[in-house]
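Worksheet: one structure, shown below.
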Amino acid sequence: MVRHVLIHLAATLGAVCMVASLEAEEMQRIRGAQGDIVAVRLPAASLVHTAQLVPQDVKDNELPQQGAQVLSQLAELLAEFNALRSDVVKLNVYVRDAQARTAFAELLRVWFGEQAPSVAYVVSPLPNSPAAIGLDAVIALPAASPASVAYHRLQTLPNGGQLAAASVLPSGDAVYVSGQAEPGDLREATRGTVASLLSTLQNLGLKQQDVVQLKCFVMPMSDVAIATEEIAAAFKGHTTPPIVYVEWASSATIPIEIELIAAAGKTKQA
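Be aware that the sequence shown starts at 133, since it is given in this note's numbering, and climbs by one per residue.
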């Protein structure tokens, strides 16, 4: 039996009205009532998870240029994995406001054409304060699956020399750890939360090198460099996995919550 992966937009599944008529072994894009892609169904595959891609050296009012720069970064990552635009199955898009969302949605429509991924939008400031648009992506790899999590750095991307720009989740099982949070100022809380997450993985028989991506809900976004420093310190001696940041509203004593994805190998079947 072929196992399948479902990459979906956080939407009401009751709105699904049509499934593309493809063979079971092929990718299926599921459309909602408005014609947009709400989910992508594909056979068990390796999945690339990227870091948060954010435009650099931009001005507040340059929405088309910001969007084009982010998509250029995504194109570089696709080239790194010999993947096509049609291999992108999910985008998590972070926008400053409704205007940025509208501008970027139009760029995505043109960039992907009929082979669009599912897209989820979140309103949040971004790590680069003038930036109004950012994203992270999930890409299905057509190539053979690696035996373990594989990290990729791209010098041309922001922080590309220090942090992984993307990682490959091998075909098989995965662990999704919901947000954990420890108290303290941002530095203390980040350090404690990462330690807590790694302890959770250890209890599951997993290790640091199994981490595919970290998603951080942080306040304020202007202090995000502190969180990045602490995460990198926790992974000293190993590659720091891709990181994504979203600003949230929390108490002063819980300034960050972190969730992660980790590879878990293949489940043994009786």
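Heads up, the beta-carbon is just placed ideally off N, CA and C, and yes, glycines get one too. Bear in mind the structure is a predicted one, so any value in this text is a computation, not a measurement.
A direct Cα-to-Cα measurement between Pro196 and Asn335 gives close to 46 Å. The continuous stretches of alpha helix (DSSP H) do not include Arg173, which lies in the beta strand (DSSP E) extending over residues Ile169 to Pro175. Burial check for Arg323: the Cβ neighbour count within 10 Å reaches 16 or more, so the residue is buried. Judged by their CB atoms, Val186 and Gly266 are nearer to each other than the 8 Å cut-off.
Straight-line spacing of the CA atoms in Asp219 and Ser178 works out to 11 Å. Taken in chain order, the complete alpha helix (DSSP H) segments of 4 or more residues contained in the stretch 154 to 240 are 195 to 212. When the Cα atoms are used, Glu208 and Thr372 turn out to be separated by approximately 20 Å. Linking Glu314 to Leu206 through their CA atoms gives a straight-line distance of about 33 Å.
Nearest C-alpha to Val172 among Ile271, Thr332 and Arg241: Ile271. Of all alpha-carbon atoms in Cys348, Val326, Leu338 and Arg319, the one lying nearest the alpha-carbon of Ala396 is that of Leu338. Per DSSP, reduced to three states, the secondary structure at Ser383 is coil, with no helix or strand assignment. Going by beta carbons, Val344 and Trp380 fall outside the 8 Å limit.
Pairing Pro249 with Val202, the inter-Cα distance amounts to about 16 Å.
Distance from Ala282 to Val300 at the Cβ level is roughly 4 Å; contact confirmed, criterion being Cβ atoms closer than 8 Å. Taking all protein chains in view, the Cβ of Pro352 is surrounded by fewer than 16 other Cβ atoms within 10 Å, so the residue is classified as exposed.
In the DSSP secondary-structure assignment, Glu389 is bridged to Phe349. Each residue's CA atom was taken as its position, placing Glu391 and Lys347 some 5 Å apart. In the structure shown, Leu301 adopts extended strand secondary structure according to DSSP, grouped into three states. When Gln198, Ile162, Val170 and Phe367 are compared, the shortest CA-CA separation from Val251 is found for Val170. For Gln247 and Arg217, the gap between their C-alpha atoms comes out near 8 Å.
Residue burial annotation: Ala365 is exposed, with fewer than 16 other C-beta atoms found within 10 angstroms of its C-beta.
The beta-bridge partner set that DSSP reports for Val309 consists of Leu392. With 16 or more neighbouring CB atoms inside 10 Å of its own CB, Tyr226 falls in the buried class.
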